[in-house]
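In UniProt numbering, the protein residues as written are 1 to 137. See structure below.
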Amino acid sequence: MEAKFITPPTPAVTPHYPASYTRNANRIALPYLNRTVMVSVDDIVCLEGEGNYTFIHTRDRRKYLVSKTLKEFEKTLDSSIFIRIHKSNIINLAYVQHGVFARDRIIRMADNREVTISRRRMREITQIMNQYQEYLN
Numbered sequence: 001m002e003a004k005f006i007t008p009p010t011p012a013v014t015p016h017y018p019a020s021y022t023r024n025a026n027r028i029a030l031p032y033l034n035r036t037v038m039v040s041v042d043d044i045v046c047l048e049g050e051g052n053y054t055f056i057h058t059r060d061r062r063k064y065l066v067s068k069t070l071k072e073f074e075k076t077l078d079s080s081i082f083i084r085i086h087k088s089n090i091i092n093l094a095y096v097q098h099g100v101f102a103r104d105r106i107i108r109m110a111d112n113r114e115v116t117i118s119r120r121r122m123r124e125i126t127q128i129m130n131q132y133q134e135y136l137n
C-alpha cells in the first residue's frame, strides 16, 4: 500500500480594512490564459512593475501578468488604500503586517513578501502608513 501525501492548500491572507471601507465594490478584468478573470481590487496584495508589464499578487497567493504599466494601475486604484512605494511597486495598505517596518526600507506584507521602499519617499510613506494605522483603530 502506497501512502499519498496531500499538501493542504495555502490559506489566503487576511486584510485589515477600516470599518468605513466598502469591500468588493470594484473589480478589474485581467486577461489570463486566453480568458478574462475578474479580480476584486480588495484581493490585490501588491503590484510589481516590470517594464510595460505588471505582476499582480493576490491574497490567494496567485500571480497574474498583465500588459499594463504600473502608472496605468496607479491612476485607477484607490489612492487611500494603494500607495506607490517604489518605482516598481504599489502596495495595498490593508495587507501590510503591523509593526514590521525595518530601517533597511523594507515592508513585510501579510503573505510574507518583502517590498523595498524608495529612499526619496521614505518619510512620506511612513506618514501615510502611520495615518492608516490610526484610521484602523
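Where a beta carbon is used, it is the ideal one built from N, C-alpha and C, also for glycine. Since we're looking at a predicted model, the values are computed, not measured.
Distance check for I90 and K64, CA to CA, integer angstroms please. The displayed chain sequence assigns Tyr, not Lys, to residue 64. Roughly 15 Å separates the two Cα atoms.
Exposure of E33, with buried meaning 16 or more beta-carbon neighbours within 10 Å: Looking at the sequence itself, residue 33 is Leu, so the reference to Glu does not match. Exposed, by the Cβ-count rule.
Which residue marks the beginning of the alpha helix (DSSP H) containing Y95, and which one marks its end? Segment: none, Y95 is in no alpha helix (DSSP H) and carries neither H nor E.
Local Cβ density within 10 Å of A3, reported as buried at 16 or more and exposed below that: Caution is warranted here: a pLDDT of 49 is assigned to A3, below 50, making its placement in the model unreliable, and no coordinate value can be reported.
What are the start and end residues of the alpha helix (DSSP H) that includes K71? Start and end: L70 to T76.
Output the distance between the C-alpha atoms of S67 and M38, rounded to the nearest integer angstrom. Taking the CA atoms as reference points, S67 sits about 16 Å from M38.
Going by the CB atoms, is the gap between V41 and H57 shorter than 8 Å? The answer is no: Cβ separation not under 8 Å.
CB-CB length for L70 against I81, believed under 8 Å: Between the beta-carbon of L70 and that of I81 there is about 16 Å, and that puts the pair past the 8 Å contact cut.
Does R62 come out as helix, strand or coil in the three-state DSSP assignment? DSSP places R62 in coil when its eight states are reduced to three.
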